[in-house]
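**Student:** Have a look at this one before I ask anything.
2 protein chains.
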Amino acid sequence: MPSNDPEAPCAQPAGVGEVLDTVVPFYGPRQAGITTPAQRHSCLVSFDVTVESRRDLGVIMRTWTGVAAQLCAGEQVTVATPAGKRTTPDSGEAVDLGAARLTVNFGFGPRLFGVGGPDRFGLLDRWPMQLVEVPSLPGDDIAPGCLGADLTVHACADDPQVVVHAIRELTRSAGNAVRWRWSQSGFNEAAASNGTPRNLLGFKDGTVNPTSPSQLADFVWASGDQGQDWMIGGTYLVVRRIRIDLAAWDRTPVEDQERVIGRYKRSGAPLGSTEEHDTLDLDARDARGGLVIPLDAHVRLAASQENWGQMMLRRSYSYDNGVIEGGGVLDAGLLFMAYQQDPRIGCVPVIEKLARRDALNPFIKHTASAVVAIPPGAREPGEWVGESVLG
Amino acid sequence: MPSNDPEAPCAQPAGVGEVLDTVVPFYGPRQAGITTPAQRHSCLVSFDVTVESRRDLGVIMRTWTGVAAQLCAGEQVTVATPAGKRTTPDSGEAVDLGAARLTVNFGFGPRLFGVGGPDRFGLLDRWPMQLVEVPSLPGDDIAPGCLGADLTVHACADDPQVVVHAIRELTRSAGNAVRWRWSQSGFNEAAASNGTPRNLLGFKDGTVNPTSPSQLADFVWASGDQGQDWMIGGTYLVVRRIRIDLAAWDRTPVEDQERVIGRYKRSGAPLGSTEEHDTLDLDARDARGGLVIPLDAHVRLAASQENWGQMMLRRSYSYDNGVIEGGGVLDAGLLFMAYQQDPRIGCVPVIEKLARRDALNPFIKHTASAVVAIPPGAREPGEWVGESVLG
Numbered sequence: 059m060p061s062n063d064p065e066a067p068c069a070q071p072a073g074v075g076e077v078l079d080t081v082v083p084f085y086g087p088r089q090a091g092i093t094t095p096a097q098r099h100s101c102l103v104s105f106d107v108t109v110e111s112r113r114d115l116g117v118i119m120r121t122w123t124g125v126a127a128q129l130c131a132g133e134q135v136t137v138a139t140p141a142g143k144r145t146t147p148d149s150g151e152a153v154d155l156g157a158a159r160l161t162v163n164f165g166f167g168p169r170l171f172g173v174g175g176p177d178r179f180g181l182l183d184r185w186p187m188q189l190v191e192v193p194s195l196p197g198d199d200i201a202p203g204c205l206g207a208d209l210t211v212h213a214c215a216d217d218p219q220v221v222v223h224a225i226r227e228l229t230r231s232a233g234n235a236v237r238w239r240w241s242q243s244g245f246n247e248a249a250a251s252n253g254t255p256r257n258l259l260g261f262k263d264g265t266v267n268p269t270s271p272s273q274l275a276d277f278v279w280a281s282g283d284q285g286q287d288w289m290i291g292g293t294y295l296v297v298r299r300i301r302i303d304l305a306a307w308d309r310t311p312v313e314d315q316e317r318v319i320g321r322y323k324r325s326g327a328p329l330g331s332t333e334e335h336d337t338l339d340l341d342a343r344d345a346r347g348g349l350v351i352p353l354d355a356h357v358r359l360a361a362s363q364e365n366w367g368q369m370m371l372r373r374s375y376s377y378d379n380g381v382i383e384g385g386g387v388l389d390a391g392l393l394f395m396a397y398q399q400d401p402r403i404g405c406v407p408v409i410e411k412l413a414r415r416d417a418l419n420p421f422i423k424h425t426a427s428a429v430v431a432i433p434p435g436a437r438e439p440g441e442w443v444g445e446s447v448l449g
Numbered sequence: 059m060p061s062n063d064p065e066a067p068c069a070q071p072a073g074v075g076e077v078l079d080t081v082v083p084f085y086g087p088r089q090a091g092i093t094t095p096a097q098r099h100s101c102l103v104s105f106d107v108t109v110e111s112r113r114d115l116g117v118i119m120r121t122w123t124g125v126a127a128q129l130c131a132g133e134q135v136t137v138a139t140p141a142g143k144r145t146t147p148d149s150g151e152a153v154d155l156g157a158a159r160l161t162v163n164f165g166f167g168p169r170l171f172g173v174g175g176p177d178r179f180g181l182l183d184r185w186p187m188q189l190v191e192v193p194s195l196p197g198d199d200i201a202p203g204c205l206g207a208d209l210t211v212h213a214c215a216d217d218p219q220v221v222v223h224a225i226r227e228l229t230r231s232a233g234n235a236v237r238w239r240w241s242q243s244g245f246n247e248a249a250a251s252n253g254t255p256r257n258l259l260g261f262k263d264g265t266v267n268p269t270s271p272s273q274l275a276d277f278v279w280a281s282g283d284q285g286q287d288w289m290i291g292g293t294y295l296v297v298r299r300i301r302i303d304l305a306a307w308d309r310t311p312v313e314d315q316e317r318v319i320g321r322y323k324r325s326g327a328p329l330g331s332t333e334e335h336d337t338l339d340l341d342a343r344d345a346r347g348g349l350v351i352p353l354d355a356h357v358r359l360a361a362s363q364e365n366w367g368q369m370m371l372r373r374s375y376s377y378d379n380g381v382i383e384g385g386g387v388l389d390a391g392l393l394f395m396a397y398q399q400d401p402r403i404g405c406v407p408v409i410e411k412l413a414r415r416d417a418l419n420p421f422i423k424h425t426a427s428a429v430v431a432i433p434p435g436a437r438e439p440g441e442w443v444g445e446s447v448l449g
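Protein chains in written order, with the numbering used here: chain A, 59 to 449; chain B, 59 to 449.
Below, the structure written as structure tokens:
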């Protein structure tokens, strides 16, 4: 076996630089970072809005659009703040890096429309009825402050420092007009670019996702019905931070884990099948007449065929927040993120059903939650995200 | 400008797979991950030891050595736990990934030797006098539980999931013999492989590091003097988690930031010089007779020539823990890690001086701290890390 003699040439990483110059276009009819193949790093931030007028809210979104366009092009940020000045230029920690496939998208929470609080911005008549909160559920253990959002910013890139830099520049460009409520950083394994990533359960996550234009049109992109045509080209995001009791999970034999999930751990195939993308056969029975995929298996409860044929576009990230204060327990798991046309028939009923019956429940807790409308994109420089409702 | 039309082919990452197959040898006279070029991701865990005999402590280290050797070779973990059995095989979330330049090293805190507490393991006569805690200092705001360690595990790799997987497998392989005290994950920008990485201040960090064999011998590797020859081939690690007030830093004009640090932000050159690696001229004066590098500049106070010619090997990682409970403030900054031959004359006096005089102090708080002895490596299969003192 080779020795790690410190005088010997060290193993050097190779090829890292290649990913860093790739640009994902920011401008377009839809915001990027939704159907974009998942990047390796992510940060979602929930902001409170502290300004009180629709005009000032528009200033935030116009500023953010300009900053995001520069960031996603891999440029240093130079645009002016809402106050019309900058005390310093770009914070500089990403100056040697490229765009690293950075995407930034923005979301609007229900309270922005006066739902569940005062109608601060006079937007109640623009509220899309699809934009509802996930109700409080058994298994919820929402951390203080980690519920909902006025605005969300979601940045994803293949370099973690590019992600932090984007969040930081966007935050300060808004000055005192916004305030952090909660945030969560996450990661995907590098192999995710070659297939379905594994989450910290060790299982592939996101196997059944809508991908074709017709599936995306039917299940992901907002329809603009009920008079809210400003959402055409947009979608709705449901975010849940799910802490996994990794120690308990790791004590569970793999065969039991597979019955909890309803898939084989190594291949990702449904129980009774051989390939990851084989169709779920929920009626299959074993030699003794029992269901191959148990009644409380996670995949059965979440399956499209058990949920009115609905599909959601999952784009989740693992997270590791380190040891919980007091020691002994790790706060790690999944930042579940799902995009859909209508959370009322897409994600929320599934989450409610899972909260009551999922065999996974003894291993998980939900510690943060938000639902936001993701408005359409800014099609070209001069347009801004949110203009269709705030402009 | 191109559009992000969702029907157009998406920008795909390229080259990511290349880094994942590289193996850094685990076995050797020194533990790996010290002079190894910094990987992109890192996690340091502080453990409490719950067993009470030196023999049981040795079992932990023998088990960890075997698990770490498998992990660093990119293999699935198969070794037995201290209890002689495993309930499940490898947790599986890194099954599709290679070694990703994983390194794992282990450290022993002062209390393991009965310093500052009972001598549980009868090791007081093996205590190396170099192994001291950093005293409590102005600017300290140590989070509950985030002080010291019985044992540390430090995993670094180019994939975050490989890091998490390593920490997880090592933790569970020790069963109930250890308990998490605190932990911190971190990252480096991808460009770090091509030069000195920038920290979240936006400045290059680690420009002056000992690299030659003679510098490493003089300043980094333990001498084994004072009867503690079991440390020959080892070193001492000082860890400090430093929260940076990024909002305040970002409001500070770049010229003022550069006077705080004593270097130019973009190039990393010392003030008054042009290249990053130019020698610090601490006596240089400007046209008006003032010192070019201010008296309280960070680089002046930390410079080798101001600290008895000492050098420490810095190998720090940035971190982002998200919004602090209560909102409004981000817990992000630097997990400072420095290796040296003797913390009493290497790092600790510098930290004490900086705590009193560093121009950076208004922007930072120290929220976690530990000093550990990093014993020599296991030279070949059958040996184990710590055998020289516990065996």
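Idealized CB from N, CA, C, for every residue including glycine.
1. Leaving out five residues on either side along the sequence, give the residues of the same chain with a beta carbon under 6 Å from the beta carbon of I422 (chain B).
2. Give the interface partners of Q242 (chain A) over in chain C, defined as CB-CB distance under 7 Å, in chain order.
3. How would you call T269 (chain B), buried or exposed, if buried means at least 16 neighbouring beta carbons within 10 angstroms?
4. Nearest-angstrom Cα distance between D199 (chain B) and H99 (chain B)?
5. Show which residues of chain A have a CB atom less than 7 Å away from the CB atom of L388 (chain B).
6. Skipping 5 residues on each side, what residues in its chain have a beta carbon closer than 8 Å to that of R159 (chain B)?
7. Got a sec, what are the start and stop residues for the alpha helix (DSSP H) G244 (chain A) sits in?
8. Provide the residue(s) that pair with T161 (chain A) in DSSP beta bridges, ordered along the chain.
9. Pull up the distance between the alpha-carbon of P60 (chain A) and that of P439 (chain B), whole angstroms please.
10. Cβ of L129 (chain B) within 9 Å of Cβ of V107 (chain B)?
11. Using a Cβ cut-off of 9 Å (strictly closer), state whether F245 (chain A) contacts chain B.
12. Give every residue of the same chain whose Cβ lies closer than 8 Å to the Cβ of T332 (chain A), excluding the five residues on either side of it in the sequence, and list them in chain order.
13. Could you check which residue in B:L274, B:P218, B:S231 has the C-alpha nearest to that of Y377 (chain A)?
14. Confirm, please, whether the CB-CB distance from P407 (chain B) to V429 (chain B) is below 9 Å.
15. Of the residues A:G292, A:Q188, A:R88, A:S243, which one's Cα is nearest the Cα of H223 (chain A)?
16. Does DSSP put T93 (chain A) in a helix, a strand or coil?
17. Checking 9 Å against the spacing of the C-beta atoms, do G203 (chain B) and L304 (chain B) come in under that value?
18. Is it the case that the segment 272-290 of chain B contacts the segment 179-187 of chain A, given that we only count it when at least three CB pairs across the two stretches are under 8 Å?
19. Let me know the secondary structure DSSP gives R184 (chain A) once reduced to three states.
20. Go ahead and label H424 (chain A) buried or exposed: buried means 16 or more other beta carbons lie within 10 angstroms of its beta carbon, across all protein chains shown.
21. Report the three-state DSSP secondary structure of N419 (chain A) (helix, strand or coil).
22. Taking Cβ positions only, does D276 (chain A) come closer than 9 Å to chain B?
23. Taking the C-alpha atoms as reference points, what is the distance between T210 (chain A) and M395 (chain A)?
24. P193 (chain A) versus chain B: which residues are under 9 Å apart at the beta carbon?
25. By DSSP, does G285 (chain A) sit in helix, in strand, or in coil?
26. Counting beta carbon pairs with one atom in the segment 378-390 of chain B and one in the segment 343-363 of chain B, are three or more of them shorter than 8 Å?
27. Which chain A residues are close to G385 (chain B), counting only those with a beta carbon under 8 Å from its beta carbon?
28. Determine the burial state of T121 (chain A): buried for a count of at least 16 other Cβ atoms within 10 Å of its Cβ, exposed for fewer.
29. Do you know offhand how far L338 (chain A)'s Cα is from Q368 (chain A)'s?
30. For a test of the three-state rule: what should DSSP assign to E410 (chain A), helix, strand or coil?
31. Taking the continuous alpha helix (DSSP H) assigned at A305 (chain B), which residues delimit it?
32. I need the boundaries of the beta strand (DSSP E) containing L388 (chain B), first residue and last residue.
**Tutor:** In this structure, then:
1. Here residue 422 (chain B) refers to the residue found at position 364 of the second sequence. Here the set comprises I300, I302.
2. Annotation note: the requested chain C is absent from the structure, which comprises protein chains A and B.
3. As a first step, residue 269 (chain B) is located in the second sequence; it is residue number 211 there, counting from the start. Under this definition T269 (chain B) is an exposed residue.
4. Taking the first residue of the second sequence as 1, we reach residue 199 (chain B) at position 141. Taking the first residue of the second sequence as 1, we reach residue 99 (chain B) at position 41. Straight-line Cα distance between these residues: approximately 25 Å.
5. Here residue 388 (chain B) refers to the residue found at position 330 when the second sequence is read from its first residue. Under the 7 Å cutoff, chain A gives W238.
6. Along the second sequence, one-based indexing puts residue 159 (chain B) at 101. Result list for R159 (chain B): V77, T80, V81, V82, T94, Q97, C214, A215, D216, in chain order.
7. Here residue 244 (chain A) is taken as the residue at index 186 of the first sequence, counted from 1. First-last for G244 (chain A): 236-245, but that is the beta strand (DSSP E), not the alpha helix (DSSP H).
8. Within the first sequence, numbered from 1, the residue matching residue 161 (chain A) stands at position 103. Its beta-bridge partners are A:C214.
9. If you number the first sequence from 1, residue 60 (chain A) lands on position 2. If you number the second sequence from 1, residue 439 (chain B) lands on position 381. Caution applies to P60 (chain A), whose pLDDT of 42 falls short of 50 and renders its modelled position unreliable; the value that the coordinates give is listed next. So the alpha carbons of these two residues sit roughly 11 Å apart.
10. The residue labelled residue 129 (chain B) in the question sits at position 71 within the second sequence. The residue labelled residue 107 (chain B) in the question sits at position 49 within the second sequence. No, Cβ-Cβ distance for L129 (chain B) and V107 (chain B) is not below 9 Å.
11. Within the first sequence, the letter at position 187 stands for residue 245 (chain A). At least one chain B Cβ lies under 9 Å of F245 (chain A).
12. In the first sequence, the residue the question calls residue 332 (chain A) occupies position 274. Closer than 8 Å at Cβ, skipping near neighbours: S325.
13. Stepping through the first sequence from its first residue, residue 377 (chain A) is reached at position 319. With distances taken between Cα atoms, Y377 (chain A) lies closest to B:P218.
14. Here residue 429 (chain B) corresponds to residue number 371 of the second sequence, with the count starting at 1. Here residue 407 (chain B) corresponds to residue number 349 of the second sequence, with the count starting at 1. Against a cut-off of 9 Å, the Cβ pair of P407 (chain B) and V429 (chain B) comes out as no contact.
15. Mapped onto the first sequence, residue 223 (chain A) falls at position 165. Residue A:S243 is the option with its Cα nearest to H223 (chain A).
16. Here residue 93 (chain A) corresponds to residue number 35 of the first sequence, with the count starting at 1. Residue state, collapsed to three classes: coil.
17. In the second sequence, residue 203 (chain B) corresponds to position 145, counting from 1. In the second sequence, residue 304 (chain B) corresponds to position 246, counting from 1. No, Cβ-Cβ distance for G203 (chain B) and L304 (chain B) is not below 9 Å.
18. no
19. Start at 1 with the first residue of the first sequence, and residue 184 (chain A) comes out as number 126. R184 (chain A): helix per DSSP, three-state reduction.
20. Position 366 of the first sequence, counted from the first residue, corresponds to residue 424 (chain A). The residue is buried, with at least 16 neighbouring Cβ atoms inside 10 Å.
21. Within the first sequence, the letter at position 361 stands for residue 419 (chain A). Looking at N419 (chain A) - three-state DSSP - the assignment turns out to be helix.
22. Taking the first sequence and counting its residues from 1, the one referred to as residue 276 (chain A) is at position 218. D276 (chain A) does not count as touching chain B.
23. Within the first sequence, numbered from 1, the residue matching residue 210 (chain A) stands at position 152. Within the first sequence, numbered from 1, the residue matching residue 395 (chain A) stands at position 337. When rounded, the distance between both Cα atoms is 13 Å.
24. For the purposes of this step, residue 193 (chain A) is identified with residue 135 of the first sequence, where counting begins at 1. Going along chain B, no residue has its Cβ under 9 Å from P193 (chain A), so there is no contact; the nearest lies around 23 Å.
25. Here the question's residue 285 (chain A) lines up with position 227 in the first sequence. Three-state result, G285 (chain A): coil.
26. By the Cβ rule, the segment 343-363 of chain B does not count as touching the segment 378-390 of chain B, because fewer than three pairs are nearer than 8 Å.
27. Your numbering for residue 385 (chain B) matches position 327 in the second sequence. The contact set of G385 (chain B) on chain A, defined by CB atoms closer than 8 Å, consists of D106, G203, R237, W238, R239, W240 in chain order.
28. Start at 1 with the first residue of the first sequence, and residue 121 (chain A) comes out as number 63. The residue in question, T121 (chain A), is buried, as its Cβ has 16 or more Cβ neighbours within 10 Å.
29. Numbered from its first residue, the first sequence carries residue 338 (chain A) at position 280. Numbered from its first residue, the first sequence carries residue 368 (chain A) at position 310. Each residue's Cα considered, the two are about 15 Å apart.
30. Numbered from its first residue, the first sequence carries residue 410 (chain A) at position 352. If DSSP states are grouped into helix, strand and coil, E410 (chain A) belongs with the helices.
31. Stepping through the second sequence from its first residue, residue 305 (chain B) is reached at position 247. First-last of the alpha helix (DSSP H) with A305 (chain B): 304-308.
32. Numbered from its first residue, the second sequence carries residue 388 (chain B) at position 330. Where L388 (chain B) is concerned, the enclosing beta strand (DSSP E) stretches over 388-398.
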